[in-house]
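Q: Residue 51 in our numbering sits at position 51 of the sequence shown, and the numbers go up by one each step. Ideal Cβ placement from N, Cα and C applies to all residues, glycine included. As the structure is a computational prediction, the values presented were derived from the model and not from experiment.
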Amino acid sequence: MVRPLAPRTARQSRLEARALFERAIALDPRDAYALFAAALTYANQIHGGTSLDPEGDLRTASSLAERAHAIDSNNSGCQAALGAIRRLQRRHPEALFHYERAVALNPVTHPSRANAGFTNLLLGRARRRRNRSSARWPRPPKPVPSSASGTSTPG
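1. Do the segment 107 to 115 and the segment 53 to 65 touch if we need at least three Cβ pairs shorter than 8 angstroms?
2. Less than 8 angstroms between the CB atoms is what I'm expecting for Ala80 and His98, so what's the real figure, rounded?
3. Counting pairs of Cβ atoms below 8 angstroms between the segment 35 to 55 and the segment 7 to 21, do you hit three or more?
4. Answer with buried or exposed for Thr9, where buried requires no fewer than 16 other C-beta atoms within 10 angstroms of its C-beta.
5. Which ranges would you report for the beta strand (DSSP E) in the segment 14 to 66 if only whole runs of at least 3 residues count?
6. Could you check whether the segment 22 to 33 touches the segment 52 to 60, counting it as contact only if at least three pairs of C-beta atoms, one from each stretch, sit closer than 8 angstroms?
7. Give me the residue from Arg91, Arg30, Leu122 with the minimum Cα distance to Ala68.
8. Using the three-state DSSP reduction, which class does Asn75 fall into: helix, strand or coil?
9. Round the Cβ separation of Leu58 and His92 to the nearest angstrom and send it over; I've been treating them as touching at under 8 angstroms.
10. For the alpha helix (DSSP H) that Arg101 lies in, which residues bound it at each end?
11. Going straight from the alpha carbon of Asn74 to that of Leu105, what length do you get?
12. Tell me which same chain residues have a C-beta within less than 6 angstroms of the C-beta of Ala26, skipping the five on either side of it?
13. Which class does Pro121 belong to by DSSP, given the choice of helix, strand or coil?
14. From Glu94 to Gln12, what distance separates their C-alpha atoms?
15. With a CB to CB cut of under 7 angstroms and the five nearest residues on each side skipped, what residues in its chain are close to Leu88?
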């Protein structure tokens, strides 16, 4: 395998991914995955500070995410993309709604779960949400001492 002399930057990677998603959209304008994924490339560049036109990129991201949502509102990725964009627009209650919807649709979407938690912090709801969410996750089993070897094993 030949490795490039210089590593790609995150910006270059996002631009390459965006080009592929835009190609997919050109082939199928109703591809919700390609639409929300393209929207996230714009949102991630804005969030990462590498966007050359944050306002224009935010408009484009919003348009793509809203198109994806109109096609498949029960897709956790569409919900997560809208959450990211609403947070960038400082529309935190809406962002939280979309992140929580993404988690409800797919409980293992850990980025959406983390983003919902961060958005709760922005809304000043950290304590209430932390207590509510900690009840959802089972605690790992406590070690039980083994009588023969003196070592612990989960029980």
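A: Taking the coordinates as given:
1. Remark: fewer than three beta-carbon pairs, one from each stretch, lie closer than 8 angstroms, so the segment 107 to 115 and the segment 53 to 65 are not flagged as touching.
2. About 7 angstroms separates the two Cβ atoms, so the contact holds.
3. Judged by Cβ distances under 8 angstroms, the segment 35 to 55 makes contact with the segment 7 to 21, as three or more pairs qualify.
4. Its Cβ having fewer than 16 others within 10 Å, Thr9 is exposed.
5. Those beta strand (DSSP E) runs which fall completely within the segment 14 to 66 and span 3+ residues do not exist here.
6. Here the segment 22 to 33 does not lie against the segment 52 to 60, with fewer than 3 beta-carbon pairs under 8 angstroms apart.
7. With distances taken between Cα atoms, Ala68 lies closest to Arg30.
8. Annotated three-state conformation of Asn75 is coil, per DSSP.
9. Actually they are not in contact, since the Cβ atoms of Leu58 and His92 sit about 15 angstroms apart, beyond 8 angstroms.
10. DSSP places Arg101 in the uninterrupted alpha helix (DSSP H) bounded by 92 to 105.
11. If you draw a straight line from the Cα of Asn74 to the Cα of Leu105, it comes to about 7 angstroms.
12. Same-chain partners within the cutoff: there are none.
13. Looking at the sequence shown, residue 121 is not Pro but Leu. Note: Leu121 maps to helix in three-state DSSP.
14. Each residue's Cα considered, the two are about 30 angstroms apart.
15. Excluding positions up to five away in sequence, the list reads Ala43, Ile46, His47, Leu58.
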